[in-house]
Amino acid sequence: MIDLENLMKDAPQREPDLPLPSLEDQKRIAAELKALEEKGELTPEVLEKYFGGKSTH
Numbered sequence: 412m413i414d415l416e417n418l419m420k421d422a423p424q425r426e427p428d429l430p431l432p433s434l435e436d437q438k439r440i441a442a443e444l445k446a447l448e449e450k451g452e453l454t455p456e457v458l459e460k461y462f463g464g465k466s467t468h
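In terms of my numbering, the sequence shown opens at residue 412 and continues consecutively.
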């Protein structure tokens with residue numbers, strides 16, 4: 412039989428999932444990103460602000 416405690420102990424650790432923004436917040440963010448894209452100002456730094464990501468530093 413598989414020992415679940417050992418499986419859990421050996422499993423890679425990951426950050427907990429963050430709750431999703433409300434539907435209204437998602438719509439607001441989408442509109443902001445679309446406006447930035449239309450102005451040519453949608454950069455990786457802007458996307459990181461909204462979607463995060465692990466720093467390699």
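Idealized CB from N, CA, C, for every residue including glycine.
Computed from a prediction, not measured in an experiment: that's the story for all the values here.
Alpha carbon to alpha carbon, how far is residue i from residue j?
| i | j | result |
| --- | --- | --- |
| E459 | K445 | 15 angstroms |
| A442 | L431 | 17 angstroms |
| E435 | N417 | 42 angstroms |
| E449 | L429 | 29 angstroms |
| Y461 | P423 | 26 angstroms |
| V457 | D414 | 44 angstroms |
| L447 | L453 | 5 angstroms |
Closer than 7 angstroms by C-beta to residue i: which residues in its own chain qualify, once you throw out the five before and the five after it? Chain order, please.
| i | result |
| --- | --- |
| D421 | none |
Counting only the same chain and skipping the five closest in sequence on each side, list residues whose C-beta sits under 8 angstroms from that of residue i.
| i | result |
| --- | --- |
| I440 | P432 and Y461 |
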